[in-house]
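Below is one structure, written out as structure tokens, with a few remarks after it.
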Amino acid sequence: MLGLIDTTQFTDRLSLVKDYNVFVDDVQKVFLYDFTAEKWSVFIETLLELSTNNIIWLVCDLVQCWRMKDTSVIIELGNVITDKLHSNQRTTLSMNLRNTFDLSNILSVIREQFIKSFSDSVTNLDMILPTQIPGHFIHGPKTVIHILKDYNVNIIGDVLNKELDKLCNTDTLSNSDIGIVYNDVYSDVVEPLVKETVNVRCVNTDDKIGVCYSEDSYSAEWPAVVVLYGIWYSSEVELTTLYLMISRARVHCSVIIYPGEGVTIEDCSEMLDSLNKLRDYAHIVRH
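In structure tokens, the structure reads:
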């Protein structure tokens with residue numbers, strides 16, 4: 067997983083690699099660090115120069131770019147890629163083999179909602195945001211999505227502990243098979259709540275439940291994940307964040323969605339419309 071680096075730092079690091087082929091996953095975090103078409107043209111030209119001595123693969127999923135401010139950035143990036151790279155220098159990977167069939171369905175619906183936010187006139191949309199196609203047919207438990215009407219820390223804590231109880235009271239999962247992914251850094255309550263909950267459950271053991279902030283979760287994965295998803299408004303940014311967080315789960319996923327302090331879930335009507343489209347694939351519980 068890449069840290070937060072800009073394009074120059076990235077190519078400088080690659081230039082240090084000699085006599086090896088290079089594979090870099092989740093490069094989308096670099097893509098949106100400080101994007102301009104001019105910078106990206108220079109970036110790709112530098113990569114092409116480096117690839118004369120090494121084979122370089124860059125892999126990204128632009129739906130996971132939670133930093134996206136608007137869809138125009140993705141379109142502009144796609145235009146640079148198609149302008150600078152020949153068709154035989156790029157490929158589309160649409161098949162999901164990380165998640166179970168059930169989770170893959172949920173991710174496909176969220177992905178479709180995000181793609182619909184683009185204009186039909188975008189000519190290279192299939193290349194930069196390919197539609198996800200079914201991978202394998204391994205089924206897992208049905209995802210549970212808890213939706214809180216208001217910001218309520220007590221309910222957030224209760225639901226979190228109930229979901230962890232289900233996972234921890236089995237013989238098939240150890241603590242390290244479980245991850246909690248959260249996106250709320252604005253509250254001075256939720257993040258400490260998560261860490262305190264994990265500390266209490268994992269006292270006197272080196273087998274720890276994973277805790278990860280959404281921005282740092284690229285390439286992270288666990289067999290079971292509990293998503294704590296705070297929402298303040300409806301936009302494509304919210305969809306990309308939710309997509310990223312749920313995709314960290316390989317088999318089991320529980321999602322707790324709550325409005326930020328001072329907001330109700332009804333203020334996020336577009337997000338509610340997107341969540342309603344998941345009813346056939348997830349068990350939705352309202353609080």
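FYI, the numbering for the sequence shown is 67 to 353, going by our numbering.
From the three backbone atoms N, C-alpha and C, an ideal C-beta is built for every residue, glycine too.
Per DSSP, what kind of secondary structure is A286 in: helix, strand or coil? Looking at A286 - three-state DSSP - the assignment turns out to be coil, as it is neither helix nor strand.
Here's the rule I'm using: 16 or more other beta-carbon atoms within 10 Å means buried, otherwise exposed. How should H212 be labelled? Classification for H212: buried.
Which residues mark the beginning and the end of the beta strand (DSSP E) in which L124 is found? Where L124 is concerned, the enclosing beta strand (DSSP E) stretches over I122 to L124.
Which residue marks the beginning of the alpha helix (DSSP H) containing C234, and which one marks its end? Here the alpha helix (DSSP H) through C234 covers V219 to C234.
Assign P325 to buried or exposed, taking buried as 16 or more other Cβ atoms, counted over all protein chains shown, within 10 Å of its Cβ. Counting Cβ neighbours within 10 Å, P325 comes out buried, since at least 16 surround it.
When DSSP builds the beta bridges, which residues end up paired with P325? I297
Would a C-beta distance cut-off of 9 Å place Y252 and W298 closer than the cut-off? yes
Do the CB positions of F109 and T157 come within less than 9 Å of each other? no
Using only the alpha-carbon positions, how far apart do V260 and S138 sit? 35 Å
Distance, V266 Cα to S174 Cα: 36 Å
Under 8 Å: do the stretch 305-323 and the stretch 287-296 share three or more Cβ pairs, one atom per stretch? Yes, they touch.
Would you report the Cα separation of D91 and D272, rounded to the nearest angstrom? CA-CA distance, D91 to D272, rounds to 29 Å.
Just curious, the alpha helix (DSSP H) that I204 is in, first and last residue? Counting along the chain, I204 falls outside any alpha helix (DSSP H), and DSSP gives it neither H nor E.
When the Cα atoms are used, what is the spatial distance from I204 to E104? Approximately 44 Å, taken between the alpha carbons.
Please confirm whether G245 and G276 have their CB atoms less than 9 Å apart. yes
If you count every other CB in all the chains shown that lies within 10 Å of the CB of S153, and 16 or more means buried, which is it? The residue in question, S153, is exposed, as its Cβ has fewer than 16 Cβ neighbours within 10 Å.
On the CB-based measure, 16 or more other CB atoms within 10 Å of its CB, does A348 come out buried or exposed? buried
Can you name, in chain order, every residue of its own chain whose Cβ lies under 6 Å from the Cβ of E142, other than the five neighbours on each side? A103
Quick one: grab the DSSP three-state call for T263. It is helical.
If you draw a straight line from the alpha carbon of G328 to that of N218, how long is it in whole angstroms? 11 Å
So what's I213 in DSSP terms, helix, strand or just coil? Strand at I213.
Taking all protein chains shown into account, decide if R314 is buried (16 or more other Cβ within 10 angstroms of its Cβ) or exposed. buried
Inter-residue CB distance, R164 and Q198 (contact presumed, cutoff 8 Å): About 11 Å; that fails the 8 Å criterion.
Rounded to whole angstroms, how far is the Cβ of I140 from the Cβ of L128, which I believe are closer than 8 Å? 5 Å
Residue span of the alpha helix (DSSP H) that contains V175, given as start and end: Secondary structure note for V175: its alpha helix (DSSP H) is the uninterrupted segment F167 to I181.
Delimiting residues of the alpha helix (DSSP H) encompassing F109: A103 to L116 is the span of the alpha helix (DSSP H), which, as asked, contains F109.
Kindly indicate which three-state DSSP category F76 falls into: helix, strand or coil? helix
Closer than 8 Å by C-beta to E226: which residues in its own chain qualify, once you throw out the five before and the five after it? Chain order, please. Here residue 226 turns out to be Leu, not Glu, going by the sequence shown. Result list for L226: I246, L259, V260, T263, V292, L294 and I322, in chain order.
Provide the residue(s) that pair with V88 in DSSP beta bridges, ordered along the chain. Per DSSP, I122.
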